[in-house]
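In the UniProt record's numbering, the protein residues as written are 1 to 60.
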């Protein structure tokens, strides 16, 4: 029996970037699951928090 793909194995980074108006700094055709594995983050929610924290850090 074939395992059904989870959403993060199917969704592309470019679709997430477009929907949430964020830039992940990787190719748009990368799957979300691959991105999470490479960054070591367990979820996109933590990734969003990290990106938003970088945006709001005061510039020196």
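We treat Cβ as the ideally placed atom computed from N, Cα and C, and that holds for glycine. Note that the structure is a prediction, hence the values are computed from the model and not measured.
Same chain, Cβ closer than 6 Å to residue i, five either side skipped, listed in chain order
i          : result
residue 47 : 41
residue 21 : none
Proximity of residue i and residue j at Cβ, strictly below 9 Å
i          : j          : result
residue 54 : residue 32 : no
Whole-number beta carbon distance between residue j and residue i, since they are thought to touch under 8 Å
i          : j          : result
residue 28 : residue 17 : 7 Å
Closer than 8 Å: residue i CB and nearest the ligand GDP heavy atom
i          : result
residue 44 : In the structure on display, the ligand GDP does not appear, and there are no ligands present to speak of.
7 Å CB neighbourhood of residue i in its chain, flanking five on each side removed
i          : result
residue 26 : 13 and 35
First through last residue of the alpha helix (DSSP H) which encompasses residue i
i          : result
residue 15 : 13-20
residue 23 : Looking at the DSSP string, residue 23 is not in any alpha helix (DSSP H), and its letter there is neither H nor E.
residue 46 : 44-56
One or two residues paired with residue i in a DSSP bridge
i          : result
residue 31 : 12
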